[in-house]
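2 protein chains.
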Amino acid sequence: MPLELLRTPPPKERADAARNRAAVLEAAARLFAEHGVEAVSMDQIAAAAGVGKGTLFRRFGDKSGLATALLDARERALQEAVLAGPPPLGPGAPAALRVPAFVDAYLDYLVAHLPLVRMSETSTPGARYRIGAYRFWHRHLAILLTGSADPEYDAHALLAALAADHVGALLPELGEDRLRAGLRRLAHSVPAS
Amino acid sequence: MPLELLRTPPPKERADAARNRAAVLEAAARLFAEHGVEAVSMDQIAAAAGVGKGTLFRRFGDKSGLATALLDARERALQEAVLAGPPPLGPGAPAALRVPAFVDAYLDYLVAHLPLVRMSETSTPGARYRIGAYRFWHRHLAILLTGSADPEYDAHALLAALAADHVGALLPELGEDRLRAGLRRLAHSVPAS
DNA sequence: AACGCTAGCGGACCACAGTCCGCTTATGCA
DNA sequence: TGCATAAGCGGACTGTGGTCCGCTAGCGTT
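Protein chains in written order, with this note's numbering: chain A, 1 to 193; chain B, 1001 to 1193.
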């Protein structure tokens, strides 16, 4: 789903469109919370929002786009904490501390919203890598990993360990603490290579 | 998809069932090669194999199960090379060499069959981690990584960097050589932590 | 206030994955 | 060779994601 569907575009939005968008997001949030992301169909969401199916899809592209839109506020908060928040997550701390801090914070975000993130990442093959947020995190990490033989690759590798599907599978198997510890070690060892 | 659908089970298979299985695999291989995995529907495969849709699904569970079955021979060859082939991929070499050798060999396998592996891994959330082959590779790596603070976790982390979706996204972006180099560095640095 | 233009609407429609169940037929046994 | 049984078959059916296009109504203009 193209980025302009997720951020409000300069050409201002018509009043009914804005109303519908809000209604859809509200209905989706309610239904997802109530029945689980997987169990709710787009038809149901459209009906609950009092909106046609076409509207739903034109606005959000597909189901994963809707999930991404619902996550947008949360994700943006994390992005701002990284860009301008207090260290070590924000700027001011050495990279060796900022990388683990990011991994930690992102894991928090992930466990708090796993089903939604999973939906937003795994609907279509490669969807994760096309989302704007992925590019943001990748860029952030690549900059912190300057000094590695290939910061770009290492950033991708670290993010692979933070994929929703991966974390979702490991969480029940290893438990959150062990997962977090492993991730921290990884965050520590990757840039050292 | 349960494992018993993929390996021939002890209670021997009826003759027509065997014929149908072969016909389906052959038709699927041909259609996939001809039009691409994504572009072929289960209906088409059933029709081309001269078989009912029900047969198709009873035998292979779902589309990802069919992909897995098509990969089975290749994957098993790799497994045998790891279990009993010449070092450094097979036993006899030190773990510090066997891990990169595995990563290398698996990447070869992956680039040779990306669309099929992708289908087998990403059809359903978490599918990858339920396939028998994943467990095999995980176990193999965990044993080689004895000495790490958490071999189980590190094995998962290394496999995350070998996920079909991940490799599929990085291949066009970084190119195969850079990807392979990064992977090798990762294979080298992970157990050291 | 009336008008025209176009962004936006909505639900009929399509293709596809996956299920179900009454029928067929291979197989083991007498 | 004929029979009984259940493994196997196949295609009609369902629910879902996603598309399409003729109609509606918000908004800028005069």
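Where is the CB? At the ideal position from N, CA and C, for every residue including glycine.
Residues of the region 1117-1149 of chain B with a CB closer than 8 Å to any CB of chain A: list them in chain order, please.
-> Correct list: 1118, 1122, 1125, 1126, 1128, 1129 and 1149.
Could you give the uninterrupted runs of the alpha helix (DSSP H) lying entirely in the region 77-139 of chain A, keeping only those of 4 residues or more?
-> DSSP runs (the alpha helix (DSSP H)) wholly in the region 77-139 of chain A: 95-112, 114-122 and 127-130.
Proximal residues of chain B, C-beta to C-beta of residue 65/A below 7 Å = Under a criterion of Cβ atoms nearer than 7 Å, no residue of chain B is adjacent to residue 65/A; the nearest Cβ is some 17 Å distant.
Spatial neighbours of residue 43/A within its chain, please: CB distance less than 7 Å, with the 5 preceding and 5 following residues excluded, ordered by chain position.
-> Counting only Cβ-Cβ distances below 7 Å, and skipping sequence neighbours, we find 53.
Which bits of chain B does residue 152/A rub up against, with CB to CB less than 8 Å?
-> Chain B residues near residue 152/A: 1174.
Could you confirm whether any beta carbon from chain B is found closer than 8 Å to the beta carbon of residue 177/A?
-> Not an interface residue.
What residue from 29/A, 119/A, 103/A and 168/A has the CA that sits closest to residue 138/A's CA?
-> With distances taken between CA atoms, residue 138/A lies nearest to 103/A out of 29/A, 119/A, 103/A and 168/A.
How about residue 41/A: is its C-beta nearer than 8 Å to some C-beta of chain B?
-> Cβ-Cβ to chain B under 8 Å: no for residue 41/A.
Pairing CB atoms from the region 86-102 of chain A with CB atoms from the region 57-71 of chain A, are three or more of them under 8 Å?
-> Counting C-beta pairs with one atom in each stretch, the region 86-102 of chain A and the region 57-71 of chain A have fewer than three that are closer than 8 Å, which means they do not touch.
Compute the distance between the beta-carbons of residue 1141/B and residue 1159/B, then report whether it is under 8 Å.
-> Yes, the pair counts as a contact, with Cβ atoms nearer than the cut-off.
With 8 Å set as the bound, which would you pick, yes or no: does the beta-carbon of residue 185/A sit closer than that to a beta-carbon of chain B?
-> True, the Cβ-Cβ gap to chain B drops below 8 Å.
Three-state secondary structure assigned by DSSP to residue 1148/B | If DSSP states are grouped into helix, strand and coil, residue 1148/B belongs with the strands.
Can residue 1134/B be considered in contact with the ligand ADP, in the sense that its beta carbon sits closer than 7 Å to one or more heavy atoms?
-> Among the components of this structure there are no ligands whatsoever, and the ligand ADP is therefore not found.
From residue 84/A to residue 92/A, what distance separates their C-alpha atoms?
-> Using only the alpha carbons, I get a separation of about 10 Å.
In three-state terms, what does DSSP make of residue 1179/B?
-> Look at residue 1179/B here: in three-state DSSP terms it is helix.
Would you say residue 1166/B faces chain A, with C-beta separation under 8 Å as the test?
-> Taking Cβ atoms only, chain A reaches closer than 8 Å to residue 1166/B, which makes this a yes.
Status (buried if at least 16 other CB within 10 Å, exposed otherwise) for residue 121/A = Around the beta-carbon of residue 121/A, 16 or more other beta-carbon atoms lie within 10 Å, marking it buried.
Sequence-distant residues of its chain with Cβ nearer than 7 Å to residue 152/A (five each side left out) | Apart from sequence neighbours up to five positions away, the residues of its chain that approach residue 152/A with a beta-carbon distance below 7 Å are 142, ordered along the chain.
Amino acids of chain A, ordered along the chain, whose beta-carbon sits closer than 9 Å to that of residue 1036/B = Within chain A, no residue comes near residue 1036/B; the closest Cβ sits about 12 Å away, beyond 9 Å.
Which residue comes first and which comes last in the alpha helix (DSSP H) that contains residue 1024/B?
-> Where residue 1024/B is concerned, the enclosing alpha helix (DSSP H) stretches over 1015-1035.
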